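Visitor: Keeping their order, the protein sequence lines are chains A, B, C and D.
Numbering follows full-length UniProt numbering, with no gaps: position 149 of the first sequence is 149.
Numbering follows full-length UniProt numbering, with no gaps: position 336 of the second sequence is 336.
Numbering follows full-length UniProt numbering, with no gaps: position 183 of the third sequence is 183.
Numbering follows full-length UniProt numbering, with no gaps: position 334 of the fourth sequence is 334.
Can you read through this structure? Questions will come right after.
4 protein chains.
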Amino acid sequence: MKTQLNFANDYLQGAHPNILKRMMETNQVEMTGYGTDPITESAIERIREACDCPQAEVRFLMGGTQTNQIMIDSLLQSYQGVIAAKTGHVSVHEAGAIEFGGHKVLELDTADGKLNAQQIKETIEDYWADGNHEHMVMPGMVYISQPTELGTLYSKSELEAIAHVCKEHEVKLFVDGARLAYALACPENDVTLADLAQLCDAFYIGGTKCGAMFGEAVVIPNPRLLPYMTTIIKQHGALLAKGRLLGIQFDELFKDHLYDTIGQDAITDANQIRQACKRAGLPLYFENPTNQIFCLVTKEQMEKLSEKVVFSFWEKYDDELTVIRFATSWSTRKEDVEALCQVIESL
Amino acid sequence: MKTQLNFANDYLQGAHPNILKRMMETNQVEMTGYGTDPITESAIERIREACDCPQAEVRFLMGGTQTNQIMIDSLLQSYQGVIAAKTGHVSVHEAGAIEFGGHKVLELDTADGKLNAQQIKETIEDYWADGNHEHMVMPGMVYISQPTELGTLYSKSELEAIAHVCKEHEVKLFVDGARLAYALACPENDVTLADLAQLCDAFYIGGTKCGAMFGEAVVIPNPRLLPYMTTIIKQHGALLAKGRLLGIQFDELFKDHLYDTIGQDAITDANQIRQACKRAGLPLYFENPTNQIFCLVTKEQMEKLSEKVVFSFWEKYDDELTVIRFATSWSTRKEDVEALCQVIESL
Amino acid sequence: MKTQLNFANDYLQGAHPNILKRMMETNQVEMTGYGTDPITESAIERIREACDCPQAEVRFLMGGTQTNQIMIDSLLQSYQGVIAAKTGHVSVHEAGAIEFGGHKVLELDTADGKLNAQQIKETIEDYWADGNHEHMVMPGMVYISQPTELGTLYSKSELEAIAHVCKEHEVKLFVDGARLAYALACPENDVTLADLAQLCDAFYIGGTKCGAMFGEAVVIPNPRLLPYMTTIIKQHGALLAKGRLLGIQFDELFKDHLYDTIGQDAITDANQIRQACKRAGLPLYFENPTNQIFCLVTKEQMEKLSEKVVFSFWEKYDDELTVIRFATSWSTRKEDVEALCQVIESL
Amino acid sequence: MKTQLNFANDYLQGAHPNILKRMMETNQVEMTGYGTDPITESAIERIREACDCPQAEVRFLMGGTQTNQIMIDSLLQSYQGVIAAKTGHVSVHEAGAIEFGGHKVLELDTADGKLNAQQIKETIEDYWADGNHEHMVMPGMVYISQPTELGTLYSKSELEAIAHVCKEHEVKLFVDGARLAYALACPENDVTLADLAQLCDAFYIGGTKCGAMFGEAVVIPNPRLLPYMTTIIKQHGALLAKGRLLGIQFDELFKDHLYDTIGQDAITDANQIRQACKRAGLPLYFENPTNQIFCLVTKEQMEKLSEKVVFSFWEKYDDELTVIRFATSWSTRKEDVEALCQVIESL
């Protein structure tokens, strides 16, 4: 039986082969635990170099929710909240992990998943101007994703404007890069790792969705910002005994530009699918240049698609139309992309 | 010097004289602590009777935020959130006290500060229908205020509809009655204490804004719902050593219908001010029958008012108009109401 | 029927008459809320003066557990714990209020309820010397009580030694003064309010057990230590709407040396009872100079006492003897002390 | 250069080769996330079978601290604490992870790392007998490890006695099995997986230290005990996107009795080292039958050992002697054991 094409999400397979190979090769080597091993040291150095930030504190965690929870909890004061898009991962899809740490997510409306400097500025200034602000949650941090949940990208000038507002108001800026490889690889993108290191208080480079088995690399450009990070991580139940496993993954991802290659392949695939949608007259829900393609389909189209392809239901658009999502990734097979394009064009 | 008229809020003075008198009379009597004294027992009995709920667990706490924090924290499971109006006190004005307990406030838009059964039903059903709901915050409770932050009232049939949705979906219903005396006293109101006891999982009868020095009386109709309440209260830093002080206040407020009288006086005053606004052509921001009067004033009117009256700035309506609030209470003087009406009519 | 003598604890009655009188006099005056009123301002000034610390941040909270919870939570980093005596209030009698804020109490054994500088130093140094310290709870604060739970006192030199260790290791020092009046009034005591202000990062002056209805005054000598304190207090559900009530109490307690007088009377009473115990041959469980008298009684003595006096059971000493406690306070009547002495001497 | 022999701990290498092999074989297969894949289903079935508990809820988490944190947090009520040995992992080596969830660890002294039924019974009964118990932390759970931190084992009758006390007092029983393979493999052990499933409310089968790369398998015999477990795990930042990775590891460990074999090899090695210590006259610090060997060495012996072997410093015994630890594991090489024995015997 022919299995279906699967474009449901970007974590369908295991890990990039280089990572598995390295795990095999080093499996028997005895190393110290908790990230004190030489491979982790090497991975840290590679990331510092990629970010052009030799002094950065770099930490490896296991997943996105864990990373957001720990970073928000440790960067905020106990009485502060985090500004985020209403569609942001921390607003919707983390089962209350941020509130578990005691912090409110201050949700703002956006058209395309992107916060802008002006609305952030107003939110912060409104807080301080309110006569009752001492009774309200103080904005202490801005959380954005690059790319966003909706696949859209911040331009460098947009990010600079946000960073400027944050600095001006002593509010931290944190960037969730769960899918960062797919931002970095877009021709439209002008935000580099070095830019992130210059503009943010902290950000993370996604592994889980970008070629790793699991793992996210947190970069904190100012190493004095969060002392005692090991204890903070341990207290959150997030310190991996065999830290080498995280080290291996990022050492491989940042060797020979693998992280770039992974992103580029997925973007090429995504663009090919976008072209097919356009040719087939399937409207894109909104334009975005990254690895997620959101398009509108009728009930009949959705049914027909379902027979051959696994995709994501995103949301109902109206009684007739539905928004669906295809995702490409480092592991997407070229032949599957072509097969999907044929299916789309035959709808 | 003539002091200004003060209608800024409903906690401007100390306590109803009966309460102070009782404190004086009983001051030297030695009593056991933490609410185990006979006056507290008497107050509990009076409240059970007023609620027509002889088996209810009744607890006295010190303030509204504390009460909301403790009740939400103890009624919810750790992974649940509380549905509230975006304008609700727990959404805006409690400095993150709910999130401090680990819970997300699931904020819904409302026209007039009131949630309706339909939107609650949809919120809960949307949660369970979402394929990703396990990654989202489960609605575990509905929080409403009677009257709302905007002074509006739920009718009995509205409350019944909400209670029905809650029961149907095994979601708790909690009513914040910080200003409950001013709801109970409205001719428009058809929700009694007994109705609240029948429809809610818990509610509180406000003292601070309704004649007490401080204190709120929590009513939990099913006494098996929250065992070990004393420990829960203590753990939240909210167990008053001299519990008698809370007992005295509610024993007095519920003696000889004082709580009713307090409410009625404030409503009479509020209605007199509403009439003056109407006569003066000051538009009411929205109609409500309780002790808060929201009206629209021009810059010139606001300036003129400020010379003689202390009131609350609510929010800017547009470039020309501002929403301001007058509040009456148990302690409002008749002569001040008349003076205020004259000022309003002379704008 | 003659009621029993009551020496069960130090919060049996209401408040010192001066406080009630002031509440009556100011009851009708309209004041702003949340501690922004002029009486609170005056109380703050009086406390600053009594502590010889004009710049101190002074805050009024409602009870001891609440105060310990808020101060420990706000002075510690999220990953730090607080060193305390195993018999300390935060270790035993706060129903997990410290852990509710996320912090471990690092309990140390003591002979008499008092920590000493040497054991604190060793605890901190052992932490840092441990190869696994990053996996352990970092000591961030020392919590002591003056007087201790067992009524014993720290001398100035003992306190200086502890403060020295704390400064040296960048660990905060916090003193719980729930019964501070009864320490200050002892002839044996050489630690003044000004000493506390010089040696501690924060301490509180107890009201509840020392003449107030309720309330504790937190003194933070360095006002830059804890910015945004109002929001912190609000978030913990501890901001009293009618802050004036706390202001009145401490304004009265610190007017005309009332706090001193209150303490002295209770100490005179306690010493009289101690003498009676000695004359009657009742061994004191341990010597202490403050308002709590711990003594050993046989079963027969305990039974006989119980007929005429309410006292506290402390703990079983052995099969024959029991430790019981008498407490005096600001409200103890001279005639009751004499009656108790007679009862004791007739055992 | 000849590297040193390494007996520092039981997580020095990667994973058992079978696990890596399976990861390679399945790497390209597309599977759904978050533990909904067929390999995870198979692993769950194998564990249910090994525990003779077909209805058990089985969940895979990433590490020991995370597992203890989540299970303690979800099994306890908010106002309850967990009873543990003072030497227990949750008492000492989890950086406050339990307190981060809001719970106190109620630490009891033990001679050998093992709690006994009698002291647990007394602790619980003392709590309820205390007149002030409402102000104290209610014991809600007993946490023990099999084997303990000190390598000792609970016998079946000891475990039954503890379980009996727990049931009698409605207190949960949770067993930390981080090194469970090394307990199960001891000839001295009479506690099977099926016994654990019958006697505990929850326990976990350690992977990290027993052949896995990472991962622990939680077994909850009564599947109705903790509904909404996925959300609880997600909220704690512990839901692995590619859940298959955990599934693969436990599917392999429980295939063809691999988990048993792993344990047996390590125990054989440990016993060989114990014999060498005895022959060399190195006193064992205390007898235990599992994979950790604690022995006493003089300064000279320690120095000599250090040149050839990596081991753990445990604690200073006195001015002359030190307690050190050797650990064996699934990955210990026979030739290294022999070399270590020679070194020991030549001290």
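We put the beta carbon where it would ideally sit given N, CA and C, even for glycine.
Source: prediction; values computed, not measured.
#1: Got a sec, what are the start and stop residues for the beta strand (DSSP E) C:CYS210 sits in?
#2: Going by the CB atoms, is the gap between C:GLU149 and C:HIS89 shorter than 8 Å?
#3: Identify each residue in the region 126–150 of chain A for which the Cβ-Cβ distance to at least one residue of chain B is less than 9 Å, and report them in chain order.
#4: Determine the chain C residues that contact A:GLN235 at a beta-carbon separation under 8 Å, and present them in chain order.
#5: Let me see if you follow: with CB-CB separation under 8 Å, is D:THR36 close to chain B or not?
#6: Can you name the residues of chain D whose CB is closer than 9 Å to the CB of C:GLY96?
#7: Taking C-beta pairs closer than 7 Å, name the residues in chain C that A:THR231 reaches, listed in chain order.
#8: How would you write the range of the beta strand (DSSP E) that D:PRO38 sits in, first residue to last?
#9: So with CB distances below 8 Å, who are the chain C contacts of A:TYR228?
#10: Can you tell me where the alpha helix (DSSP H) with D:GLN301 in it begins and where it stops?
#11: Relative to the C-alpha of B:GLU109, which candidate in B:LEU196, B:LYS21, B:ILE83, B:GLU160 has its C-alpha closest?
#12: Which runs of the beta strand (DSSP E) spanning at least 3 residues fall entirely within the region 121–209 of chain B, listed in chain order?
#13: For a contact defined as C-beta to C-beta under 7 Å, what are the partners of A:THR40 on chain D?
#14: Which chain A residues are close to D:THR65, counting only those with a beta carbon under 8 Å from its beta carbon?
#15: Does any residue of chain A have a CB that is nearer than 8 Å to the CB of D:GLN292?
#16: Is the separation between the beta-carbon of C:PHE174 and that of C:TYR154 shorter than 8 Å?
#17: So that I know if they touch, is there some Cβ in chain C lying closer than 8 Å to that of B:THR261?
#18: For D:MET1 and D:ASP336, what's the separation of their Cα atoms in angstroms?
#19: Taking buried to mean at least 16 other C-beta atoms within 10 Å of its own C-beta, is A:SER157 buried or exposed?
#20: Keeping to the same chain, check which residues put their C-beta closer than 7 Å to that of B:PHE311; ignore five residues upstream and five downstream.
#21: Output needed for D:ILE220: all residues of its chain with C-beta closer than 7 Å, excluding positions within five of it in sequence on either side, in chain order.
#22: Would you say A:HIS257 lies against chain B (beta-carbon separation less than 8 Å)?
#23: Beta-carbon of D:GLU99 versus every beta-carbon of chain C: anything under 8 Å?
#24: Please name the residue in D:ALA266, D:LEU61, D:VAL29 whose C-alpha comes closest to that of D:GLY207.
#25: With a 10 Å radius around its C-beta and 16 neighbouring C-beta atoms as the bar for buried, classify D:THR3 as buried or exposed.
#26: Is there at least one Cβ from chain F nearer than 8 Å to D:ASP201's Cβ?
#27: On the three-state DSSP scale, how would you describe B:THR322?
#28: By how many angstroms is the C-alpha of D:ALA161 removed from the C-alpha of D:VAL218?
#29: Applying a beta-carbon distance threshold of less than 7 Å, which residues of chain B neighbour C:LYS308?
#30: Please confirm if D:THR322 has its CB atom under 8 Å from at least one CB of chain C.
#31: Since D:ARG279 is in the alpha helix (DSSP H), which residue starts that stretch and which ends it?
#32: Going by beta carbon distance, what residues of the same chain come within less than 6 Å of D:LEU199, once the five residues before and after it are set aside?
#33: Would you kindly work out how many angstroms separate the C-alpha atoms of D:GLY177 and D:GLN292, rounded to a whole number?
#34: Starting from C:SER78, follow the beta strand (DSSP E) in both directions and report where the run begins and ends.
#35: With 8 Å as the limit, tell me which residues of the region 14–30 of chain D have their beta carbon closer than that to any beta carbon of chain A; keep them in chain order.
#36: Could you tell me whether the Cβ atoms of B:LYS255 and C:MET213 are closer together than 8 Å?
Guide: Let me spell this out:
#1: Here residue 210 of chain C corresponds to residue number 210 of the third sequence, with the count starting at 1. Looking at the DSSP string, C:CYS210 is not in any beta strand (DSSP E), and its letter there is neither H nor E.
#2: By 1-based counting over the third sequence, the position of residue 89 of chain C is 89. By 1-based counting over the third sequence, the position of residue 149 of chain C is 149. For C:HIS89 and C:GLU149, yes; Cβs fall inside 8 Å.
#3: GLY131, ASN132, GLU134, HIS135, MET136, VAL137, MET138
#4: Locating residue 235 of chain A in the first sequence gives position 235, where the first residue counts as 1. The contacting residues are SER78, TYR79.
#5: Counted from its first residue, the fourth sequence places residue 36 of chain D at position 36. False, the Cβ-Cβ gap to chain B never drops below 8 Å.
#6: By 1-based counting over the third sequence, the position of residue 96 of chain C is 96. Those are SER78, TYR79, GLN80, GLY81, GLY102, HIS103, LYS104, MET136, VAL137, MET138, listed as they occur along chain D.
#7: Counting from 1 along the first sequence, the entry for residue 231 of chain A is found at position 231. Going along chain C in sequence order, the residues near A:THR231 (Cβ under 7 Å) are TYR79, GLU134, MET138.
#8: Along the fourth sequence, one-based indexing puts residue 38 of chain D at 38. No beta strand (DSSP E) holds D:PRO38; the alpha helix (DSSP H) holding it covers 38–50.
#9: The count along the first sequence starts at 1 and reaches residue 228 of chain A at position 228. Correct list: GLN77, TYR79, GLU134, MET138.
#10: In the fourth sequence, the residue the question calls residue 301 of chain D occupies position 301. Taken as a continuous stretch (DSSP letters only), the alpha helix (DSSP H) holding D:GLN301 covers 299–308.
#11: Here residue 109 of chain B is taken as the residue at index 109 of the second sequence, counted from 1. Reading off the sequence, residue 109 of chain B comes out as Asp, not Glu. It is B:ILE83.
#12: 138–145, 172–177, 202–206
#13: As a working note, residue 40 of chain A is residue 40 in the first sequence. Chain D residues near A:THR40: none, gap ~14 Å exceeds 7 Å.
#14: One-based indexing of the fourth sequence puts residue 65 of chain D at position 65. In chain order: LYS234, GLY237, LEU239.
#15: Within the fourth sequence, residue 292 of chain D is the residue found at index 292, counting from 1. No, D:GLN292 lies away from the interface with chain A (no Cβ there is under 8 Å from its Cβ).
#16: As a first step, residue 174 of chain C must be located in the third sequence, where it is residue number 174. As a first step, residue 154 of chain C must be located in the third sequence, where it is residue number 154. No, these two residues do not count as a Cβ contact at 8 Å.
#17: Numbered from its first residue, the second sequence carries residue 261 of chain B at position 261. False, the Cβ-Cβ gap to chain C never drops below 8 Å.
#18: One-based indexing of the fourth sequence puts residue 1 of chain D at position 1. One-based indexing of the fourth sequence puts residue 336 of chain D at position 336. Model confidence at D:MET1 stands at a pLDDT of 43, short of 50, so the residue's coordinates are unreliable; what they give is reported in the following sentence. Taking the straight line from one Cα to the other gives about 16 Å.
#19: Numbered from 1 along the first sequence, position 157 holds the residue referred to as residue 157 of chain A. A:SER157 comes out exposed.
#20: As a first step, residue 311 of chain B must be located in the second sequence, where it is residue number 311. These residues qualify, in order along the chain: PHE7, ALA8, LEU305, ILE324, ARG325, PHE326.
#21: For the purposes of this step, residue 220 of chain D is taken as residue 220 along the fourth sequence, with counting starting at 1. Result list for D:ILE220: ALA56, GLU57, ALA202, LEU226, in chain order.
#22: In the first sequence, the residue the question calls residue 257 of chain A occupies position 257. Not closer than 8 Å to any Cβ of chain B, the Cβ of A:HIS257 fails to qualify, so no.
#23: Position 99 of the fourth sequence holds residue 99 of chain D. Interface residue, yes.
#24: Looking up residue 207 of chain D in the fourth sequence gives position 207. Closest by alpha carbon: D:LEU61.
#25: For the purposes of this step, residue 3 of chain D is taken as the residue at position 3 of the fourth sequence. Label assigned to D:THR3: exposed.
#26: Looking at the structure shown, chain F is missing, and the protein chains on hand are A, B, C and D.
#27: Here residue 322 of chain B refers to the residue found at position 322 when the second sequence is read from its first residue. B:THR322 falls in the strand class under three-state DSSP.
#28: By one-based count along the fourth sequence, residue 218 of chain D stands at place 218. By one-based count along the fourth sequence, residue 161 of chain D stands at place 161. Taking the straight line joining both Cα atoms gives about 22 Å.
#29: The residue you call residue 308 of chain C lines up with position 308 of the third sequence. Those within 7 Å of C:LYS308 in chain B number zero; the least Cβ separation is about 14 Å.
#30: One-based indexing of the fourth sequence puts residue 322 of chain D at position 322. No - not a single Cβ of chain C is within 8 Å of the one on D:THR322.
#31: Here residue 279 of chain D refers to the residue found at position 279 when the fourth sequence is read from its first residue. Counting along the chain, the alpha helix (DSSP H) containing D:ARG279 begins and ends at 258–280.
#32: For the purposes of this step, residue 199 of chain D is taken as residue 199 along the fourth sequence, with counting starting at 1. Excluding sequence neighbours, D:LEU199 sits near LEU159, ALA163.
#33: Taking the fourth sequence and counting its residues from 1, the one referred to as residue 177 of chain D is at position 177. Taking the fourth sequence and counting its residues from 1, the one referred to as residue 292 of chain D is at position 292. Looking at the two C-alpha atoms, the distance is approximately 14 Å.
#34: By 1-based counting over the third sequence, the position of residue 78 of chain C is 78. First-last for C:SER78: undefined, no H or E at that position.
#35: Contacts with chain A (Cβ-Cβ distance below 8 Å) from the region 14–30 of chain D involve GLY14, ALA15, PRO17, LEU20, MET23, MET24, THR26, ASN27, GLN28, VAL29, GLU30, listed in chain order.
#36: Translated into positions along the second sequence, residue 255 of chain B becomes position 255. Translated into positions along the third sequence, residue 213 of chain C becomes position 213. Contact: no.
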